[in-house]
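Notes to accompany the following structure.
Protein chains in written order, with our numbering: chain E, 1 to 139; chain L, 140 to 764.
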């Protein structure tokens, strides 16, 4: 029994671990050569932000993937903000102030999105509960 | 004239379908046989006639006018039949009636009660879709004035992979209708008859699952080489619409094994069968109604959306109420130990269902928020990656060890002994891969370890020739291992280069040097294009390949497309896209070095082969009962 609990707590740990490391590198870019910043750190930050920003005139694309002129404007805007020394949070804030939460592909956790982020976790706890219940009853 | 016959055939199939509702339960076998065959022949007839109208470019028909053009190659005139909403509904109906026919083929003295009830449910579903097609989406509608030529067809869709993508997916979605019908019929039997309903349901689930797998993979392959982003999965609502039924079908076919072997989980399996098909229909509703804007939305038409919504509500309301009322007949008091085969399948089922619920939540959440608060929010790729991947990881971990476990309880020391060889094998293979790619990434390492964990376990089973394993399972699981390897390596270790290059100069990526030879105008069958010629050299200055990406212009539809040029081998893809530019300043190029991408496609094919092996094995089983 003890060992089982151990095993389950390990699984929970792995799941927690993977929640932390879920930033899977993205796949595609529509960035053009003249936009790319010389400072590699800046460029990387710009990329990461762009991947989370929706191209508002496209169908389900981030501004990082989109060829639309508006997306390009936003990419350049983000890079300019980075060069001005703004941090990521300030840039996200600037963008959501201007375009609303709709622009975030990875929604913030707030009153509206609480259920969205919280529910999968509840599903998981519930699922683990079923497995533990089954295991206990089977002994 | 021909179109009128097509329309008549469609109406005939409606009549046969309604007749089947009434006769399937009490009618004579001969009568049912005539009706089932009549339904199949009439729906096949209307489908073939629409195909004929597309082939001969009959522009007196609205559907042909809107979606075809005389310059279109024959293959795409044929695939154009299901490349639009109305025609795809006809294909949907045809597949429904084909499955209806196969359900009828199972009919014998011992199972007549189950099969006749199943046929009744199946004909109710079929009737619903035929009514929908005739009254909201009739493909045989005539033009007021006949036109010289058609409006053409989206050139992005003119592609061999996309030609077969919809039929494969439809076999998947509609195959689940058979599982749904069997489930409703079984619930109605109250568990009084001793009929092995699960043995009848399983081949249909296997067919649906195998075709969903290959259909989704071909869609992803198309996105990979056609959309020019180097990616293949975008968590687009319509991708989610096919992924959700796939997840439940995966859960379903695994839990069916438990029902077969242990007679446990019957109620759960019946529920899964209902939900899997309901999700297929809801997916169609979401995509076709246009309430979720997606690249696959054919037309924005609220009347269609409302019809499918009502139809789904009736289907879902009825079946779930029935389940609520009757499922207690199928409850049992069997509990599964964590360290047993059934325990591992239970975990698989729970995790697949959680992933499905999460994808569903993410897909419909923006709609819910907009309806209740008037705020518009987006739920995109970053959300799905952050939620789905962590839940999938333990599922894959368990999937590796499950087939090694015996039924009932296993001693932990024995499990350790069993998995020791594959643990060692996994360690060695993962070390090799990770040392090749050097750049350390936690998720990358984890993915590679899990992929080899599955591959090693299956190799060990194969070598030890342990009895009682299923070849289909082994092959499919091996395919999943390949798939995970490809997904991980191509997303974690992708290299990308965006640059401007003039002709007669070179650029580097990974260990390759890419020389821009020249750029020419070329004329295709219904497009004109700029075609770049690139020569790829390796470090030893040997020619590896020549790549020829194109920028195409289709005058009929006034659409520009980019055609990526890809060189694949088992280690990596070289992927090049031509952007805008001119002679003096050079052209914008996007070049990708994508490791192990090909293993995604190999994996999907191997999974499909495994599924096919299982289908045949289960059909043999059917003959024995």
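No residue lacks a Cβ here, since even glycine has one placed at the ideal position from N, Cα and C.
Item, Value
"Length of the line joining the Cα atoms of residue 617 of chain L and residue 753 of chain L", "14 Å"
"Option nearest residue 662 of chain L by Cα separation, candidates L:712, L:670, L:656", "L:670"
"Residue-chain proximity (residue 246 of chain L, chain E), Cβ-Cβ < 7 Å", "no"
"Below-7 Å beta-carbon distance, residue 32 of chain E vs any chain L residue", "yes"
"Whole-angstrom distance between residue 403 of chain L and residue 152 of chain L, CA atom to CA atom", "39 Å"
"Residue closest to residue 79 of chain E, alpha-carbon to alpha-carbon, out of E:67, E:95, E:68", "E:95"
"Inter-residue Cα distance where the pair is residue 207 of chain L and residue 637 of chain L", "37 Å"
"Contacting positions in the region 76-102 of chain E - beta carbon closer than 8 Å to chain L", "100, 101, 102"
"For residue 72 of chain E and residue 750 of chain L, the rounded distance between their alpha carbons", "45 Å"
"Alpha carbon of residue 277 of chain L to alpha carbon of residue 144 of chain L, nearest angstrom", "13 Å"
"Straight-line gap, residue 651 of chain L to residue 690 of chain L (C-alpha atoms, nearest Å)", "23 Å"
"Sub-7 Å separation of residue 209 of chain L and residue 288 of chain L beta-carbons", "yes"
"Nonlocal neighbours in the same chain, by C-beta distance under 8 Å from residue 401 of chain L, ignoring five residues either side", "473, 481, 546"
"7 Å Cβ cut-off: residues of chain E touching residue 688 of chain L", "Residues of chain E passing the Cβ test: none, with the nearest at roughly 15 Å."
"Contact set for residue 704 of chain L: own chain, Cβ-Cβ below 7 Å, skip 5 residues either direction", "686, 687, 688, 715"
"Same chain only: Cβ atoms within 6 Å of residue 25 of chain E, ignoring 5 sequence neighbours per side", "Interpretation of residue 25 of chain E is limited by its pLDDT of 30, a score under 50 that renders its predicted location unreliable; the figure taken from the coordinates is listed afterwards. No residues qualify anywhere along the chain."
"Proximity of residue 633 of chain L and residue 524 of chain L at Cβ, strictly below 7 Å", "no"
"Residue from L:479, L:417, L:463 whose Cα sits closest to the Cα of residue 451 of chain L", "L:417"
"Under 8 Å by beta carbon: chain E residues contacting residue 510 of chain L", "None at all; the shortest Cβ gap to chain E is about 12 Å."
"Distance between residue 273 of chain L and residue 155 of chain L (C-alpha atoms, nearest Å)", "14 Å"
"Own chain residues within Cβ distance below 8 Å of residue 22 of chain E, not counting five before or after", "In this prediction, residue 22 of chain E has a pLDDT of 33, which is less than 50 and means its spatial position is unreliable; nothing more can be read from the coordinates."
"Cβ separation of residue 701 of chain L and residue 293 of chain L, assumed to be a contact under 8 Å, to the nearest whole Å", "Not quite, the Cβ-Cβ distance comes to about 15 Å (not below 8 Å), so this is no contact."
"Proximal residues to residue 367 of chain L (C-beta, below 7 Å), its chain only, five neighbours per side dropped", "701, 703, 716"
"Residue burial classification, residue 142 of chain L (beta-carbon count within 10 angstroms, cutoff 16)", "buried"
"Cβ separation of residue 322 of chain L and residue 409 of chain L, assumed to be a contact under 8 Å, to the nearest whole Å", "5 Å"
"Span separating the alpha-carbon of residue 234 of chain L from that of residue 448 of chain L", "21 Å"
"Contact check, residue 171 of chain L vs residue 163 of chain L, beta carbons under 7 Å", "yes"
"Buried/exposed call for residue 29 of chain E, threshold 16 Cβ in 10 Å", "Because the pLDDT at residue 29 of chain E is just 39, under 50, the model does not fix this residue reliably, and the value given afterwards should be weighed accordingly. Classification for residue 29 of chain E: buried."
"Beta-carbon contacts of residue 109 of chain L that lie in its chain and below 6 Å, excluding the five residues immediately before and after", "Chain L is shown only over 140 to 764; residue 109 of chain L falls outside these bounds and no answer can be derived."
"Enclosing alpha helix (DSSP H) for residue 596 of chain L [first to last residue]", "581-603"
"Beta-carbon proximity of residue 500 of chain L to residue 534 of chain L, cut-off 7 Å", "no"
"Option in L:729, L:680, L:537, L:736 with minimal Cα separation from residue 34 of chain E", "L:729"
"Assigned exposure category for residue 161 of chain L - 16 Cβ within 10 Å defines buried", "exposed"
"Nearest neighbour of residue 259 of chain L, chosen from L:249, L:275, L:238, L:706 [CA to CA]", "L:238"
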